[in-house]
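S.K.: Take 13 as the starting number for the sequence shown in the working numbering and just add one per residue. For glycine and all other residues, C-beta sits at the position ideal for the given N, C-alpha and C.
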Amino acid sequence: MNYRVTDTHVYILDSHDTIHDVLCFPRSKQDYKDLVELVYDSETHEITNIDDFKVFDHSRVTAPSKGGFFYTQEFLITILKLVNENKL
Numbered sequence: 013m014n015y016r017v018t019d020t021h022v023y024i025l026d027s028h029d030t031i032h033d034v035l036c037f038p039r040s041k042q043d044y045k046d047l048v049e050l051v052y053d054s055e056t057h058e059i060t061n062i063d064d065f066k067v068f069d070h071s072r073v074t075a076p077s078k079g080g081f082f083y084t085q086e087f088l089i090t091i092l093k094l095v096n097e098n099k100l
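Put into structure tokens, the structure is as follows:
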């Protein structure tokens, strides 16, 4: 899994062929209790150049967050663990 941890967020790259989505999860002082809580706080943004992931910052994005994308429970559980391991 390709991810970056910043002072405030965990960014995860979900890349398939020419579609590159960045999943953004705020770092919290407390663990996320479940997947619903995790997904509720998340944003998803599309990037056109995969190299942009290295410097991606959701606060500088002018387009609204994408919606309607569904991920498997197995994938999200992995993300939940990762985000909780990187809490503030």
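Give the single residue among D19, V22, V34 whose Cα lies nearest to the Cα of P76.
M.R.: V34
S.K.: I believe L47 touches L88 by the beta-carbon criterion, under 8 angstroms. Please report the beta-carbon distance rounded to the nearest angstrom.
M.R.: 5 angstroms
S.K.: Look up F37 in the DSSP assignment and give the residues it is bridged to.
M.R.: V22
S.K.: Just to confirm my understanding: we take T90, look at its own chain, exclude 5 residues before and 5 after, and list those with CB closer than 8 angstroms. What are they?
M.R.: M13
S.K.: Hey, quick one: how far does the alpha helix (DSSP H) through Y52 stretch, first residue to last?
M.R.: 47-52 is the span of the alpha helix (DSSP H), which, as asked, contains Y52.
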